[in-house]
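> I'd like to ask you about the structure that follows.
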Amino acid sequence: MQGRTMSVLGLSGAEEDVYRYFLRNPRTPAHDIHGMFPFGEGGATQAISRLRDLRLLHGDDESTWATEPGVAVPRLMEKQLASMYRTIRQLTNPWPILRSLQRDRQDPLPELSETADGAGVTFRRLEDPREVRAHIDELAFSAQEEVLAAEPYDTLPQENITHRRPVDVRCLRRGVRIRNLVRTTALEDPHTLSHLRKLHADGAQIRVANELSHQMLVYDSHTALLPIDVHDTARGALLIEESTLVGGVVSLFERLWAAATDFATLTAPGAGRITRLSETQQRVLTCMCTVSKDEVGAQRAGMSLRTYRRHIADLLCALDAGNRAQAALTARERGWV
């Protein structure tokens with residue numbers, strides 16, 4: 013049995029053992045593993061069930077195979093990163109828990125403030141959008157080394173572009189490095205794309221992720237701003253200066269950055285128009301990357317073999333790929349699978 017390495021991705025030891033088994037023995041009956049591992053038949057059945065839920069195992073009880081590692085690992089990473097982000101946001105707002113516990117004390121503590129400065133913990137809720145913008149301007153002005161920005165917008169309002177451009181330019185001229193993560197869909201808006209081109213020309217580093225849901229700003233790895241409500245950024249932001257929490261935000265950004273595609277590569281002449289895959293195209297692309305035979309892929313995608321192959325030809329064109337292996341690699345670099 014190989015050393016277990018997938019616990020950081022959220023798999024138990026039993027689940028990793030079962031996944032590795034079907035990587036080595038594709039298209040074998042699911043019941044073949046019963047009795048092979050110390051966790052017994054019940055443990056094996058439970059592991060198979062969860063791996064199917066995670067879309068890491070495919071097929072049926074008579075023929076089971078594992079998703080390719082190049083697809084499985086990024087999928088698990090995204091799931092873990094999303095969980096980490098939720099945890100960070102919860103840790104920066106412990107007041108509901110503290111107040112609930114305080115009500116249960118016979119001798120209540122003094123009323124707690126929503127700004128904590130003790131034992132190295134510093135964070136604040138900024139609920140007025142004007143206050144958030146003022147802090148962004150102040151932090152950008154005082155930044156000395158690097159600004160990290162992950163912005164999951166589809167379009168950037170002209171008002172925001174007008175306000176941000178001089179702030180970003182001043183940072184870059186002072187030698188402050190800017191790294192900016194944006195969604196693929198942001199490149200489809202002419203005004204937003206023009207802004208990003210100018211920012212890139214000024215010296216900012218920009219990368220593009222097909223799926224980006226985490227909004228964050230980090231200044232000099234010391235101060236972070238996260239939205240109070242990821243679904244409604246108008247509710248304000250959490251300003252964090254506690255080193256462990258800021259470190260967690262930076263770690264999340266670095267993982268997203270490593271998986272994203274360079275802006276210049278996607279927008280270079282001849283790179284083609286950036287598009288969002290349709291549901292059918294996404295299904296065909298996933299099948300292409302996880303099954304070896306077109307007949308099986310067409311069946312799983314729920315279409316005729318001819319239609320399936322036509323969709324694959326369209327995907328090769330969209331990805332500017334000469335073969336399926338190159339298309340799969342490019343799709344993974346863009347975050348499409």
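349 is the number that this note's numbering gives the last residue of the sequence shown; the numbers go up by one with no jumps. Yeah, the Cβ is synthetic: ideal placement off N, Cα and C, and Gly gets one too.
1) Just the C-alpha distance for Asp180 and Arg209, rounded to the nearest angstrom, thanks.
2) Quick check on this structure: which residue in Arg64, Gln227, Ser24 and Tyr231 has the alpha carbon closest to the alpha carbon of Pro239?
3) Tell me whether His70 sits in a helix, a strand or coil according to DSSP, three-state version.
4) Cβ of His70 within 8 Å of Cβ of Ala56?
5) Using C-beta distances below 6 Å, list every residue in its chain close to Thr204, excluding the 5 sequence neighbours before and after it, in chain order.
6) Would you mind sorting His243 into buried or exposed? The rule is 16 or more other CB atoms within 10 Å of its CB.
7) Provide the residue span of the beta strand (DSSP E) that contains Ile190, from first to last.
8) With distances taken from CA atoms, which of Leu264, Arg36, Ala343 and Ala42 is nearest Ser233?
9) Taking only the alpha-carbon atoms, compute the straight-line gap between Arg98 and Ser255 and give it to the nearest angstrom.
10) From the beta carbon of Val303, is the nearest beta carbon of chain C less than 8 Å away?
11) Among the candidates Leu341, Thr292, Gly334 and Ala333, whose CA atom is the shortest distance from the CA of Ser316?
12) Using DSSP's beta-bridge definition, name the partner residues of Leu237.
13) Who does Asp274 pair with in a DSSP beta bridge?
14) Hey, would you say Arg191 sits closer than 8 Å to Asp274, going by beta carbons?
15) Classify Trp269 as helix, strand or coil using the three-state DSSP reduction.
16) Which value, in whole angstroms, describes the spacing of the CA atoms of Pro178 and Val159?
17) Helix, strand or coil for Thr40 per DSSP?
18) How many Å lie between Gly282 and Gly54 at the Cα?
19) Given that a residue counts as buried once 16 or more other Cβ atoms are within 10 Å of its Cβ, and exposed if not, what is Met48?
20) Buried or exposed: where does Asp73 fall if 16 or more other Cβ atoms within 10 Å of its Cβ makes it buried?
21) Would you say the beta carbon of Ala161 comes nearer than 7 Å to a heavy atom of the ligand SAH?
22) To the nearest angstrom, report how far apart Glu163 and Glu157 are at their CA atoms.
23) Considering only the beta carbon of each residue, do Arg195 and Tyr165 sit closer than 8 Å?
24) Whole-angstrom Cβ separation of Val30 and Leu66, contact assumed at under 8 Å?
25) Do you know offhand how far Ala78's Cα is from Leu331's?
26) Between Leu224 and Leu251, which are expected to be in contact by the criterion C-beta below 8 Å, what is the C-beta distance as a whole number of angstroms?
27) Quick check on the DSSP output: the beta strand (DSSP E) that includes Val159 runs from which residue to which?
28) Take the Cβ of Ile324 as the centre, count every other Cβ of all protein chains shown within 10 Å, and call the residue buried at 16 or more, exposed below.
For this structure:
1) 13 Å
2) Gln227
3) strand
4) no
5) Thr167, Leu168 and Ala198
6) exposed
7) Arg189 to Arg195
8) Leu264
9) 18 Å
10) Absent from the structure is chain C; it holds one protein chain and no more.
11) Thr292
12) Leu229 and Leu251
13) Arg219
14) no
15) helix
16) 15 Å
17) strand
18) Note on Gly282: pLDDT 49, under 50, position unreliable in the model; the coordinate value appears next. One C-alpha to the other measures close to 54 Å.
19) exposed
20) exposed
21) Questions concerning the ligand SAH fall outside what the structure shown contains, since it holds no ligand whatsoever.
22) 20 Å
23) yes
24) Wrong, their Cβ atoms sit about 12 Å apart, outside the cutoff.
25) 25 Å
26) With a Cβ gap of about 22 Å, Leu224 and Leu251 do not count as contacting.
27) Glu158 to Glu163
28) buried
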